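Each remark here refers to the structure printed beneath this line.
There are 2 protein chains.
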Amino acid sequence: MASAIPIAKGLDHVVVDRSSISWVGGGTGELVYRGFDIDALVPGVPYESVVHLLLYGEPPSADPSPEVAAALRAHQRPPPGVLSIADAIPAGQPPLEALRTILSALGDGSFGYPPTREDGFRLIAQAPVLLARYVRRSAGGAPIEPDPALSHAENYLGMVTGRRPAPAAVRALESYLVLLADHGMNASTFALRVAISTQSDLASAATAALATLKGPLHGGAPAKVSEMLDAVGDAGRAEAWIAERLARKEILFGFGHRAYKTEDPRNLLLHAIARRVADPARLRLAEAVEDRGLAALRAAKPGARLYTNVEFYGAVVLESVGLPRELFTPTFAVARTAGWAAHALEQAADNRLIRPEMEYVGPPAGRRWPRPRATA
Amino acid sequence: MASAIPIAKGLDHVVVDRSSISWVGGGTGELVYRGFDIDALVPGVPYESVVHLLLYGEPPSADPSPEVAAALRAHQRPPPGVLSIADAIPAGQPPLEALRTILSALGDGSFGYPPTREDGFRLIAQAPVLLARYVRRSAGGAPIEPDPALSHAENYLGMVTGRRPAPAAVRALESYLVLLADHGMNASTFALRVAISTQSDLASAATAALATLKGPLHGGAPAKVSEMLDAVGDAGRAEAWIAERLARKEILFGFGHRAYKTEDPRNLLLHAIARRVADPARLRLAEAVEDRGLAALRAAKPGARLYTNVEFYGAVVLESVGLPRELFTPTFAVARTAGWAAHALEQAADNRLIRPEMEYVGPPAGRRWPRPRATA
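Those protein sequences? They're chains G and Y, same order as listed.
Going letter by letter, the first sequence gives residues 1 to 376 in my numbering.
Going letter by letter, the second sequence gives residues 377 to 752 in my numbering.
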């Protein structure tokens with residue numbers, strides 16, 4: 001039934017809008033937030049200041065952004081109705097499922113259209129608090145309340161692990177949050193913009209984004225990198241393990257990216273961070289898997305421009321700061337709430353309903369129901 | 377900063393995929409489900425049989441579909457963990473917000489990729505049960521359990537209103553559910569397919585769809601038709617009321633549709649149903665508003681192909697069967713779960729990650745952070 005109509009399946013190369021939030025230079029390996037290369041932000045620029053940059057368009061007057069720090073503090077305590085839903089999620093559910101329900105629970109009727117910066121602050125502030133609360137309860141612990149004296153990154157890491165984190169771990173996590181804060185028109189951000197384009201609200205749209213981030217082709221796979229490293233076990237076994245796996249036509253996790261045809265700049269920075277915070281044996285193992293994996297993949301496909309992606313050293317960094325694997329994707333989402341908020345504001349500022357078409361290739365019209373219909 | 381890159385804002389006329397589920401003939405006023413014009417289904421073909429048609433591609437062997445009726449019965453009782461979340465949603469929240477959280481709650485880790493027909497039956501069966509349970513609790517009533525002896529439409533109407541519905545009301549609601557079961561690549565279905573394209577699951581994707589349906593540019597506006605009819609109050613006042621409203625540059629709800637350049641075939645059928653079930657004075661009022669509204673809009677824009685849309689007589693029908701306005705959009709969603717399930721299966725059967733591009737128009741790269749960065 002295929003016809004001559006050109007089908008933009010996957011929407012590759014379809015430019016859906018203009019945006020001034022971030023630029024993904026897939027050919028050159030660049031990621032830019034409002035004119036700032038991520039190398040100009042990581043390490044050292046606080047997450048609060050990057051939230052400021054993304055939501056206001058310009059850097060704050062001081063670091064960490066006083067406006068954003070105050071707004072996040074002001075919204076750190078979710079309202080009772082939201083807490084009651086979050087506290088009803090059965091312990092033991094995957095935290096990523098719980099986080100989707102938590103984001104939906106934020107939408108209690110008080111988020112409207114158009115979305116506001118304040119809506120964004122509520123989302124950014126409350127997602128980690130509620131996620132950590134769920135994780136603690138799932139582990140049989142009491143919730144740890146956010147400490148207004150701590151940074152966003154330190155609060156999150158402390159609430160979710162139940163320990164006062166080491167300064168190096170906080171710095172590493174903060175860099176991760178900054179690096180994952182936005183990434184152009186990825187699938188979850190696109191889903192968010194589709195939702196906003198109907199004049200839906202930010203809580204709804206962020207829920208749609210999380211529902212989309214969840215898939216392993218987007219954000220749902222980083223834990224598999226850690227599982228893969230465990231399975232290899234030792235740097236010396238990397239080559240044989242990879243050869244065997246590829247012979248079984250199974251994929252290597254953390255390799256390749258739709259946008260980047262060179263090194264993913266986030267992964268390079270996360271590799272540098274891993275060198276500082278990771279267990280040396282684990283780092284050697286990861287580097288061996290990367291090295292042998294790329295060699296094997298390139299040998300199988302000469303000329304392929306293939307590199308490890310942000311999930312690869314992202315997983316090593318998240319392991320190293322003490323996060324369990326089931327929190328890797330939720331932590332990605334916690335970082336991305338900033339970008340989602342910025343994109344919601346941008347979409348609403350010059351909105352048009354996003355509604356593509358499809359080509360109908362089913363049976364031609366005019367079929368008759370095989371039985372008499374009930375009379376009305 | 378606009379450049380020469382063509383921007384497909386709104387994705388108008390971008391054909392994103394092929395589909396054999398439904399065809400929207402916007403020029404001719406047709407809606408076809410797998411070869412069956414909706415006129416061949418409404419009135420009289422049970423919702424269960426239309427679910428069968430959408431999910432299996434062919435009509436069932438008998439009406440109502442024995443397979444679908446059995447599957448929906450089998451899934452009518454949500455698991456305790458899902459109930460616990462649904463029962464924690466604060467009473468008094470808009471049911472549409474509650475329904476988004478309910479759909480998310482279905483995703484307890486047991487929905488996977490690829491989605492299955494069974495996943496679809498769970499979604500279709502449990503969404504109305506949980507929504508009705510919430511609505512009853514919000515109204516201070518005890519939940520009414522689904523009765524396996526009743527049809528999907530009768531169960532829903534009885535559970536949500538707390539009364540045994542009149543047969544004519546059940547038939548009218550059933551027709552509404554059939555007419556709203558699918559509609560090509562609309563925004564919520566597209567959001568669902570974006571989510572599935574990352575290999576996310578059906579509970580997540582349906583949550584994303586509902587988040588998108590919520591916007592007034594998609595499914596969030598039908599209650600406004602009823603409010604508008606109330607405001608007009610009497611058929612004799614329609615002309616003056618509309619003139620005044622248009623003079624204030626305010627829109628008329630239930631008029632116009634992006635896809636249809638002629639009568640929306642669903643609206644024609646719903647008008648016929650309204651003639652049977654609506655209060656005569658209310659029907660006259662609606663017809664007067666339609667008539668005077670179209671006359672005024674066409675006078676203001678000669679040559680415009682403008683008609684009332686499915687929300688117009690949809691609202692009149694939903695009022696007439698006893699549903700409160702805040703349930704209009706949730707009831708639309710209850711109908712659409714069938715189409716969402718079908719589209720999730722179709723997307724997964726030949727999947728490609730849906731990830732468009734955008735043109736970066738922000739400040740050029742190379743900016744330097746205004747202050748020294750913290751050392752890592």
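The beta-carbon is built from N, C-alpha and C at its ideal position, and this holds for glycine as well.
Since the structure is predicted, the reported quantities are computational estimates derived from the model, not experimental observations.
Contacts of residue i in chain Y (Cβ-Cβ under 7 Å)
i                 : result
Glu97 of chain G  : Gly483, Asp484, Gly485
His218 of chain G : Thr574
Val194 of chain G : Ala563, Phe566, Ala567, Val570, Thr588
Val45 of chain G  : Trp745, Arg749
Close Cβ partners of residue i (< 8 Å) along its chain, the five nearest in sequence each way excluded
i                 : result
Met358 of chain G : none
Val659 of chain Y : The identity of residue 659 of chain Y in the sequence shown is Leu, whereas the question assumes Val. Within the same chain, Leu659 of chain Y has close Cβ partners Ala650, Arg651, Val692.
Arg248 of chain G : none
Asp291 of chain G : Ala238
CB contact flag (residue i, residue j, <8 Å)
i                 : j                 : result
Glu48 of chain G  : Ala74 of chain G  : no
Gln452 of chain Y : Pro519 of chain Y : no
Ala347 of chain Y : Ile572 of chain Y : This structure cannot speak to residue 347 of chain Y, because chain Y is shown only from 377 to 752.
Ala725 of chain Y : Ala557 of chain Y : no
Val225 of chain G : Ala315 of chain G : yes
Val289 of chain G : Val232 of chain G : yes
Pro440 of chain Y : Pro419 of chain Y : no
Ser320 of chain G : Ala278 of chain G : yes
Gly29 of chain G  : Asp264 of chain G : yes
Leu131 of chain G : Pro95 of chain G  : yes
Arg743 of chain Y : Ala139 of chain G : no
Ile478 of chain Y : Tyr510 of chain Y : yes
Pro60 of chain G  : Val392 of chain Y : no
Leu353 of chain G : Leu682 of chain Y : no
Ile381 of chain Y : Leu645 of chain Y : no
Gly35 of chain G  : Pro748 of chain Y : no
Gly560 of chain Y : Thr705 of chain Y : no
Thr588 of chain Y : Asn643 of chain Y : no
Thr207 of chain G : Ser527 of chain Y : no
Tyr409 of chain Y : Val426 of chain Y : yes
Ala709 of chain Y : Leu475 of chain Y : yes
Leu157 of chain G : Ala168 of chain G : no
Gly496 of chain Y : Leu431 of chain Y : yes
Chain B within 8 Å of residue i, Cβ atoms only
i                 : result
Asn186 of chain G : No chain B is present in this structure, whose protein chains are G and Y.
Chain-ordered chain G contacts of residue i [CB-CB under 7 Å]
i                 : result
Met340 of chain Y : In the structure as shown, chain Y starts at 377 and stops at 752, and residue 340 of chain Y therefore has no counterpart that could be examined.
Ala545 of chain Y : Those within 7 Å of Ala545 of chain Y in chain G number zero; the least Cβ separation is about 12 Å.
Closer than 8 Å at the beta carbon, the chain Y residues around residue i
i                : result
Val32 of chain G : Tyr736, Gly738, Ala741
Pro6 of chain G  : Val391
Closer than 8 Å at the beta carbon, the chain G residues around residue i
i                 : result
Asp495 of chain Y : Ordered by position in chain G, no residue passes the 8 Å Cβ test against Asp495 of chain Y, which lies about 14 Å from the chain.
Ile500 of chain Y : Near Ile500 of chain Y there are no residues of chain G at all, since even the closest Cβ is about 18 Å away, more than 8 Å.
Trp399 of chain Y : Tyr360, Gly362, Ala365
Gly386 of chain Y : Ser197, Arg352, Leu353, Ile354, Arg355
Gln469 of chain Y : Gly81, Asp108, Gly109
Ala416 of chain Y : Arg367, Arg368, Trp369
Thr638 of chain Y : Chain G residues near Thr638 of chain Y: none, gap ~15 Å exceeds 8 Å.
Chain-order list of residues whose beta-carbon lies under 7 Å from that of residue i (same chain, five-residue window excluded)
i                 : result
Ala501 of chain Y : Leu448, His451, Gln452
Thr565 of chain Y : Ala585, Gly715, Trp716, His719
Gln723 of chain Y : Arg569, Ile572, Ser573
Met1 of chain G   : Residue confidence is low: Met1 of chain G scores 44 on pLDDT, short of 50, so the model does not pin down where it sits. Its coordinate-derived value is still stated next. Excluding sequence neighbours, Met1 of chain G sits near Val361.
In DSSP terms, what residue i is bridged to
i                 : result
Ser49 of chain G  : In DSSP, Ser49 of chain G forms no bridge with anything.
Arg394 of chain Y : G:Glu359
Leu407 of chain Y : Y:Val400
Asp37 of chain G  : G:Val32
Phe255 of chain G : G:Thr308
Close-in-space but distant-in-sequence residues of the same chain around residue i (CB under 6 Å, 5 per side omitted)
i                 : result
Arg122 of chain G : His75
Ala335 of chain G : Leu177, Leu180, Ala181
His647 of chain Y : Tyr689
Met228 of chain G : Phe253
Chain Y contact residues for residue i, given Cβ-Cβ distances below 9 Å
i                : result
Phe36 of chain G : Pro739, Ala741, Gly742, Arg743, Arg744, Trp745
* Any chance the region 90-97 of chain G sits against the region 474-489 of chain Y, with 3 or more Cβ pairs inside 8 Å? -> yes
* To do: Report yes or no: do the region 113-122 of chain G and the region 198-216 of chain G share at least 3 C-beta pairs separated by less than 8 Å?
  => yes
* Cβ contact check for the region 248-266 of chain G and the region 156-175 of chain G: 3 or more pairs under 8 Å -> no
* To do: Report yes or no: do three or more beta-carbon pairs, one from the region 706-723 of chain Y and one from the region 380-400 of chain Y, lie closer than 8 Å?
  => yes
* Asked: With a cut-off of 8 Å, do at least 3 Cβ pairs link the region 613-623 of chain Y to the region 215-223 of chain G?
  -> no
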